[in-house]
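Below: the structure, in structure tokens.
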Amino acid sequence: MSFEDRAVLRSFSCGFPRGKISVILGGSGSGKTTILRLIGGLVHPQRGRILVAGEDISTLTETQMYGVRHKLGMMFQGGALLDSLTIFDNLAFPLREHTTLSEADIAAEVHRQLDAVGLEDVDDLLPGQLSGGMVKRAALARAIIRQPEILLVDEPFSGLDPISVKRIEALLDSINQQLHITMLVSSHHIPSTLRMADHVVLLFDAQAFAGTPAELQHHLDPHVAGFFNEEKDTTFTFESPKSGIRVASQAVTVE
Amino acid sequence: MTFIRELGWAAQNFVFHLGRITVFGAQILRAVVTPPPRIRPFINEMFNLGVLSLVIICVSGLAVGMVLGLQGHNTLVRFGAERSLGAVVGLSLIRELGPVLTALLATGRAGSATTAEIGTMVATEQLDGLRMMSINPIHLVVTPKTLAMIAVMPLLSALFIVCGLAGGYFVGVVLMGLDGGVYVSSLENAVDYYDDVFGSLLKAVVFGVLIGLISTYRGYTCKPTSAGVSAATTSTVVVGSVTVLIFDYFITALWGV
């Protein structure tokens with residue numbers, strides 16, 4: 133897979149276990165989001181096959197893909213909520229489009245999903261009026277409202293404070309436990325990955341390493357194992373002698 | 059050599075976009091006949107593109123009509139033909155200025171807004187979000203906007219012409235002292251319903267198709283960055299305006315409108 137002259141995924145092959153949480157881990161630009169977009173049929177591979185629930189989607193037309201996407205739900209990194217619709221209408225939208233439910237049933241389902249993701253009194257708010265964490269939770273609610281077989285979650289923890297990270301993490305975990313949805317989560321957040329993942333695909337140095345978090349943590353390749361332990365070992369320092377500012381790891385001192 | 063290379067690149071780029079916009083137009087046509095009909099988005103777009111353009115169209119029409127009335131009167135009076143002012147103002151507005159200036163104004167106001175809106179939806183992955191919900195964005199977003207543009211253009215053009223005629227009347231009759239009956243009868247005698255009025259509406263419909271297609275295509279295919287949206291919006295205004303003027307010549311030459 134490449135974008136213009138830039139190759140993103142080369143000789144890439146992997147599978148994701150049904151009903152489990154798989155986390156695609158890797159640095160920025162390693163192709164995590166591209167894998168999710170390939171599975172969703174939003175981009176097409178130059179070569180190779182993509183099997184979604186046993187069906188090869190790499191040769192399907194856009195119209196045929198709409199049928200496959202009934203099985204998929206996707207939470208985008210920025211939420212991708214329709215900014216001209218209220219949160220209620222955003223969640224009700226797929227139900228109005230694809231089901232024959234009455235407005236009362238739709239309202240009940242929307243509120244059930246909003247409760248599930250911990251959002252209250254947001255019916256009449258526009259996406260622009262919510263915080264980043266709330267937008268992600270609303271997007272998650274929309275992604276699962278039609279109860280997909282496979283949920284694609286793109287960078288759910290990016291730009292969030294630690295409390296929101298844990299809340300989203302718990303949400304994904306409980307959704308997986310209750311609905312048994314196959315989840316594919318792209319992330320570069322290692323602590324969350326270690327806590328929630330059943331299966332990890334690490335994209336590193338143009339290669340893919342797959343296994344359980346424990347297996348990859350003790351991988352024979354020191355770089356792979358180091359990827360997981362990097363956060364503990366890394367000491368980050370920034371010094372600006374002119375301004376007298378020194379930033380070290382977690383402490384900031386001004387002299 | 060550089061000039062030839064750039065010329066070749068520009069030609070290749072033109073053919074590429076011509077092909078893509080043709081396919082895009084075919085997708086819109088297909089979406090028009092695909093259920094469910096998007097009545098509510100269509101009406102919303104009629105409001106956005108039509109009703110919200112009323113003020114600019116009325117003010118511009120009035121101003122153009124007044125200028126035409128003033129220039130026409132000052133010229134005609136030299137030949138003692140000021141009684142033909144109604145015909146001059148009417149034919150100029152109905153045949154050319156009405157549909158063309160309305161189209162240029164619509165490109166600048168409604169066309170650019172359409173491109174910016176769709177482009178922003180591309181940049182914020184809203185269209186991808188629709189695709190992932192098995193909803194075709196061309197069906198839901200693009201088609202109502204294009205159809206609304208086609209529907210409002212003849213209405214806006216007619217309004218522009220009426221305001222222009224009123225502006226011409228005001229200058230000719232109220233300010234220059236021409237007889238009101240003379241102005242109206244000159245207008246009535248000169249304007250042919252089929253050749254002039256129908257032709258004018260035909261032009262407006264064609265311009266509506268062009269602006270609707272160009273503005274939605276530019277937004278839909280823009281790069282998903284703020285710079286990409288900005289470039290697409292600028293491109294809509296430039297390409298849309300030039301295309302309207304070129305097509306105006308060909309419609310006039312072919313149909314004598």
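Protein sequences, first through last, are from chains A and X. Position in the first sequence (from 1) plus 132 gives the number in our numbering. Position in the second sequence (from 1) plus 58 gives the number in our numbering. Heads up, the beta-carbon is just placed ideally off N, CA and C, and yes, glycines get one too.
Please name the residue, chosen from the options, that lies closest to residue i on a Cα-to-Cα basis.
| i | options | result |
| --- | --- | --- |
| X:A171 | X:I101, X:G225 and X:G108 | X:G108 |
| A:R274 | A:G172, A:F225 and A:G265 | A:F225 |
| A:T344 | A:F360, A:D337, A:A248 and A:S296 | A:F360 |
| A:K203 | A:L304, A:D330, A:L284 and A:E347 | A:L284 |
| X:L312 | X:G257, X:G148 and X:F265 | X:G257 |
| A:G260 | A:S216, A:L233, A:D293 and A:L251 | A:S216 |
| A:A240 | A:G211, A:D255 and A:S160 | A:D255 |
| X:L151 | X:A164, X:A168, X:S118 and X:T133 | X:S118 |
| X:S142 | X:A181, X:S299, X:V300 and X:L236 | X:L236 |
| X:Y275 | X:I309, X:L259 and X:S293 | X:S293 |
| A:I238 | A:R278, A:H312 and A:H351 | A:R278 |
| X:V158 | X:G144, X:M179 and X:L217 | X:L217 |
| A:T325 | A:P149, A:V140, A:I156 and A:F148 | A:I156 |
| X:T178 | A:A212, A:I171 and A:S160 | A:A212 |
| A:A329 | A:E301, A:E187, A:Q339 and A:P354 | A:E301 |
| X:L186 | A:R142, A:L223, A:V175 and A:F148 | Residue 186 of chain X is actually Asp in this sequence, not Leu. With distances taken between Cα atoms, X:D186 lies closest to A:V175. |
| A:P294 | A:C146, A:A346 and A:I322 | A:I322 |
| X:R153 | X:V81, X:D250 and X:A290 | X:D250 |
| X:L214 | X:L155, X:L87, X:T291 and X:E183 | X:L155 |
| X:V231 | X:E140, X:C116 and X:T80 | X:E140 |
| X:V122 | X:L188, X:R189, X:G226 and X:F105 | X:G226 |
| X:H131 | X:V90, X:V229, X:D306 and X:V295 | X:V229 |
Which whole-angstrom value is the C-beta distance of residue i and residue j, which I expect to be below 8 Å?
| i | j | result |
| --- | --- | --- |
| X:F278 | X:I193 | The identity of residue 278 of chain X in the sequence shown is Tyr, whereas the question assumes Phe. That pair is no contact at about 15 Å. |
| A:F336 | A:G158 | 6 Å |
| A:K164 | A:H331 | At roughly 14 Å, the Cβ-Cβ gap does not stay under 8 Å, so A:K164 and A:H331 are not in contact. |
| X:L126 | X:V147 | 5 Å |
| X:V267 | X:I208 | 6 Å |
Starting from residue i, find everything on chain X with Cβ-Cβ shorter than 9 Å and list it in chain order.
| i | result |
| --- | --- |
| A:D215 | T178, M179, T182 and Q184 |
For a contact defined as C-beta to C-beta under 7 Å, what are the partners of residue i on chain A?
| i | result |
| --- | --- |
| X:I193 | E229 |
List, in chain order, every chain X residue whose beta-carbon is nearer than 8 Å to that of residue i.
| i | result |
| --- | --- |
| A:L174 | D186, R189 and M190 |
| A:F359 | In chain order: nothing, as chain X lies at least about 28 Å away. |
Three-state secondary structure (DSSP) at residue i?
| i | result |
| --- | --- |
| A:A185 | coil |
| A:L335 | strand |
| X:T291 | helix |
| X:M234 | coil |
| X:G298 | helix |
| X:I304 | helix |
| X:M59 | coil |
| A:T232 | coil |
| A:T366 | Only weak support exists for where A:T366 lies, its pLDDT of 47 falling under 50; the value from the coordinates is given anyway. It is coil, neither helix nor strand. |
| A:S145 | coil |
| A:M207 | strand |
| A:G158 | strand |
| A:A388 | Nothing about residue 388 of chain A can be reported from this structure: the residues present for chain A run from 133 to 387 only. |
| X:G187 | helix |
| A:S319 | strand |
| A:I153 | strand |
| A:S372 | strand |
| A:L283 | strand |
| A:A212 | coil |
| A:I171 | helix |
| A:T191 | coil |
| A:A451 | Here chain A has residues from 133 to 387 only, and residue 451 of chain A is not among them. |
| X:A139 | coil |
| X:T92 | coil |
| A:I313 | coil |
| X:I318 | Limits of chain X in this structure are 59 at one end and 315 at the other, which puts residue 318 of chain X out of reach. |
So which residues on chain X does residue i lean against when the C-beta distance must stay under 7 Å?
| i | result |
| --- | --- |
| A:G210 | T182 and E183 |
| A:L283 | Simply none; closest approach about 11 Å. |
| A:M206 | M190 |
| A:P226 | M191 |
Flag residue i as yes if its beta-carbon sits less than 7 Å from any beta-carbon of chain D, otherwise no.
| i | result |
| --- | --- |
| A:A346 | The structure shown contains no chain D; the protein chains it does contain are A and X. |
Flag residue i as yes when its Cβ comes closer than 6 Å to any non-hydrogen atom of the ligand SAH, and as no otherwise.
| i | result |
| --- | --- |
| X:P212 | The ligand SAH is absent from the structure shown, which contains no ligand whatsoever. |
query: If contact means a Cβ-Cβ distance below 9 Å, which residues of the stretch 288-313 of chain A contact chain X?
result: Within the stretch 288-313 of chain A, no residue has a Cβ lying closer than 9 Å to any Cβ of chain X.
query: When Cβ atoms are compared, which residues of the stretch 259-279 of chain A fall closer than 9 Å to chain X?
result: Against chain X - using a Cβ distance shorter than 9 Å - the residues of the stretch 259-279 of chain A are A271, R274, A275 and R278.
task: Using a Cβ-Cβ cut-off of less than 7 Å, list which residues of the stretch 175-203 of chain A approach chain X; keep chain order.
output: Y198, R201 and H202
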